[in-house]
Structure formats: C-alpha cells, structure tokens
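Step one of this worksheet: look at the structure below.
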Amino acid sequence: MAARTRWGIAGYGWVARDYMAPGIAAAGGVVSAVADPSPASRARAEAAGLAAFDSVEAMLAADACDLVYVATPNDAHAAPVAACAAAGVPVLCEKPIAATVEQAEAMAAALGDTLYGTAFDQRHHPAHAAMADAIAAGDIGRPVAVRIVYACWVDPAWTPDGGEHDNWRADPVRAGGGAVIDLALHGLDLSERLLGEPLTDLSIQLQRRIHDYPVDDGGMLSGRTASGVLFQSHVAYNCAEVLPRRRLEVLGDRGLLVATDTMGQTAGGTLVRRCGQSGAEMPVAFDTATSPFAAQAAAFMAAARGEPHDFSMTRDLALMQLFDRAYTEARRWL
Ligand SMILES: NC(=O)c1ccc[n+]([C@@H]2O[C@H](COP(=O)([O-])OP(=O)(O)OC[C@H]3O[C@@H](n4cnc5c(N)ncnc54)[C@H](O)[C@@H]3O)[C@@H](O)[C@H]2O)c1
Numbered sequence: 596m597a598a599r600t601r602w603g604i605a606g607y608g609w610v611a612r613d614y615m616a617p618g619i620a621a622a623g624g625v626v627s628a629v630a631d632p633s634p635a636s637r638a639r640a641e642a643a644g645l646a647a648f649d650s651v652e653a654m655l656a657a658d659a660c661d662l663v664y665v666a667t668p669n670d671a672h673a674a675p676v677a678a679c680a681a682a683g684v685p686v687l688c689e690k691p692i693a694a695t696v697e698q699a700e701a702m703a704a705a706l707g708d709t710l711y712g713t714a715f716d717q718r719h720h721p722a723h724a725a726m727a728d729a730i731a732a733g734d735i736g737r738p739v740a741v742r743i744v745y746a747c748w749v750d751p752a753w754t755p756d757g758g759e760h761d762n763w764r765a766d767p768v769r770a771g772g773g774a775v776i777d778l779a780l781h782g783l784d785l786s787e788r789l790l791g792e793p794l795t796d797l798s799i800q801l802q803r804r805i806h807d808y809p810v811d812d813g814g815m816l817s818g819r820t821a822s823g824v825l826f827q828s829h830v831a832y833n834c835a836e837v838l839p840r841r842r843l844e845v846l847g848d849r850g851l852l853v854a855t856d857t858m859g860q861t862a863g864g865t866l867v868r869r870c871g872q873s874g875a876e877m878p879v880a881f882d883t884a885t886s887p888f889a890a891q892a893a894a895f896m897a898a899a900r901g902e903p904h905d906f907s908m909t910r911d912l913a914l915m916q917l918f919d920r921a922y923t924e925a926r927r928w929l
C-alpha cells in the first residue's frame, strides 16, 4: 500500500484542529507535524500525537511532511508560504491569501514553480460542485444573478480557545479588515467557480454598526461578470447565529438554484432547483457526507501527485486585486 501523504500544519488553531485535520484524515492523508509559535498550540499538537515545531523552517528542515497547510492569522501567511516555496514543498494556504494585496503579490512572486492553492474550501463543497454541474448543463438556463447571504456573530472578545488567543479578526493589521475580508472572498470565489467566469466589476458598502471594534462588522457587495451576470452578497459579523444566515442562490432565465446552509465548514445542507415555468421545487442530489475540507484535502493531494486541478495563484491574486480596489474605496467612507 502506498504511504499516506504527510501533511504539516502551520498554525494549529481553530480551523486547523476542528476542520482541516479531520478533513485530511477523511481524505486518506495524515497530519504528521505542526509548526506554531504558541506553546499552548504545540502542547495540543503533541497531545494529539503530532511532532510539534516552533517554526515552519524547523518543520521543513526535519523533513516531517510532504505538504503544508497554512492556517495562521491573515498577516502571517506570507512567511510560511515563502518557506515552503524555498523548500519546494506544495502549500495550501488559508483565505484570504494575505491581509493586504501587497503581501499577496509578494507571495505570488516568491512561489516559483511550487504548487500553491488558496484554501477556498467552499469551492470544493459537494453541493457547490453539483450546482456548478447543473449550471453548466443548462438546468437553470442562462445565468442572470448570484445572490449570497453569509453571516455570523463575532463578538469583540470572541476566541475559539477560551481566551488563550485574542480576537485577531477585529485587528485591522492582522486581519486586513473585518467581516468583509474574512467572509466575502468565499462567495466571490464561489461565484467564479459556479459561473465559470470571473467578476470584472465590484463595489462594496461597509458598516461598523453593532460591535465596538475598529473594523467593519458588515458589508454589502455588488458586482458583475464580463458576460453580464450580476453578483450580490451580504456578509456580516453582526447577525445572530440562530437566524438563517447561510444562503446561496443562482438565478437563471429558466430556473433558480438555492443552497441553504452549505456555505461554511461542514458537510451537508440542502440544495433545490425551482423550475422557472411552474415554480415547482425539486431537490438536487449531492454527497452530504463529505465536508468541503475533506474534498479540498483530496483535491490538493491529487494536485501534488500531478493530477489535473484548478488551484491557481494567478486566478486568486486577480480576485484579491479586484477585491482590494473595492475594499480600499469602501473604507474611505467607514
Ligand atoms: N476556510 C474557512 O472556513 C476558515 C475558517 C476559519 C479560519 N480560516 C482562516 O484560517 C486562518 C486561521 O484562522 P483560525 O480561526 O484558525 O485562527 P486561530 O487564531 O484559531 O489560530 C491561529 C494559529 O496560528 C498560530 N500562529 C500565529 N502566528 C504563526 C506563525 N507565524 N507560524 C505558525 N503559527 C502561527 C497561532 O498560535 C494559532 O495557534 C485565517 O487565515 C482564517 O481566515 C478559514
């Protein structure tokens, strides 16, 4: 039997522990090592039987992994990605690429030939793959608009580790912004995945409405693709968690696809198609057992084996540049 692909994780925090590590295991890989400057995070890794290092460079020097997944705060993505590129080790890096577009551009320049993917896990969600197939098959006719609600509640003092780390998401330097940089890029990337064409125009309205922190707690985005499909997205840190807050719709001239509770980290949710003539609603089948993180891990391991893939720094950087122009303009009025 072929040896299982060994993943090293840079930044063993919330998303790495709760979502990516189980996703790697479900995809048939194994997490072998962790690099994290936090003694508490390293202690958690060691308790899980993993080799723990205080830097990515030390983890790479020990030849402790075949691939690296980077899940550090946004302004700490660039250094581990550059270290992987220097070592020629494929690297999957959490979204956004970085806290600023300048950091993202420097990362792209440092990559060389090393395989890089941005961890837009939602493009790998089986429901979203089924939506893309349905759209490509013409099931809703000619696409007209993508409409998204993706929201949550992020308290100023929120931390998944019981107060051990502060809330870097509310820090403009470490996060690069607030709700919008954290949440909106998922939908922007998904739109391109579903339609097969990128957005060419984007504008953003921001608010700091509920929370007392120096970053946006909500945003409304609107855009369009070159062929004229419209894009709309409301993202928020100020929406109570018990309310409906994860919805993705694609309207075509012959129908509507509606995905509920598929945007996020977990498997499942629902997907229906409504007929544009009768209004009748039909369920669309998809694999409800596979999480977007498991599907993403499988796709990245296949890419590292040289199989066809759609990870692309060129595409992701172009999206980041479009996003940054709109976000920079919007923050002038915040
Ligand atoms: N795709 C998703 O659905 C999703 C969900 C949550 C978070 N994220 C992204 O994942 C990243 C991490 O978010 P989180 O919520 O897990 O954060 P977190 O604060 O829970 O964990 C971050 C970890 O990184 C460590 N760290 C900090 N600097 C480091 C460095 N230079 N090298 C190595 N480790 C370092 C910290 O000690 C901590 O253990 C962010 O970029 C975030 O946007 C993505």
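Numbering-wise, the numbering used here comes out as the position in the sequence shown, counting from 1, plus 595.
No residue lacks a Cβ here, since even glycine has one placed at the ideal position from N, Cα and C.
Since the structure is predicted, the reported quantities are computational estimates derived from the model, not experimental observations.
In terms of CA proximity to ALA770, ALA666 leads the group GLU836, ARG868, ALA666. Within the same chain, and ignoring the five residues on either side of ILE743 in sequence, the residues whose Cβ sits closer than 6 Å to its Cβ are GLY782, SER828, LEU843. With respect to the C-alpha of CYS688, the residue from ALA671, VAL696, GLU697, ALA682 having the closest C-alpha is ALA671.
Beta bridge pairing from DSSP links LEU687 with TYR664, GLY712. Check the Cα spacing between ALA680 and each of ILE692, ALA703, VAL696: the tightest is with ALA703. Taking all protein chains shown into account, GLU924 has fewer than 16 neighbouring C-beta atoms within 10 Å of its C-beta and is therefore exposed.
Scanning MET615, VAL775, ARG910, ALA699 for the CA closest to the CA of GLY624 turns up MET615. For VAL696, the uninterrupted alpha helix (DSSP H) segment begins and ends at 696-705. Assignment of CYS747 by DSSP, reduced to helix, strand and coil, places it in the coil class.
One Cα belongs to GLU652, the other to THR855, and the distance between them is close to 41 Å. The residue among LEU816, THR885, ALA646, GLY608 with its C-alpha nearest the C-alpha of ARG601 is ALA646.
DSSP places ASP796 outside any alpha helix (DSSP H); the residue lies instead in the beta strand (DSSP E), whose first and last residues are 794-802. Ligand 1 never approaches TRP748 closely enough for any of its heavy atoms to be under 6 Å from the residue's Cβ. SER828 is bridged by DSSP to ILE743, LEU816. In terms of side-chain proximity, the C-beta atom of GLU641 is found no nearer than 6 Å to any non-hydrogen atom of ligand 1.
Counting along the chain, GLU902 sits inside no beta strand (DSSP E), nor does DSSP assign it H or E at all. Between ALA699 and ALA705, the gap from beta carbon to beta carbon reaches 7 Å or more.
Residues of the same chain with a CB within less than 7 Å of the CB of ALA678, apart from the 5 flanking positions on each side, are VAL651, GLU652, LEU655 in chain order.
Using a Cβ distance threshold of 7 Å, ARG869 and VAL879 do not count as a contacting pair. Partner residues in the beta bridge of VAL629, as assigned by DSSP, are ILE604, ALA647.
Considering only VAL686, GLY618, THR713, the residue with the shortest C-alpha distance to THR909 is THR713. Taking C-beta atoms under 8 Å as the contact rule, ARG849 and ILE730 fail to qualify, at a distance of about 11 Å. Distance between ILE619 and ARG637, taken at the CA atoms: about 19 Å.
For ALA673, the CB contacts under 7 Å within the same chain, skipping 5 residues up- and downstream, are ALA693, GLN698, ALA701, MET702 in chain order.
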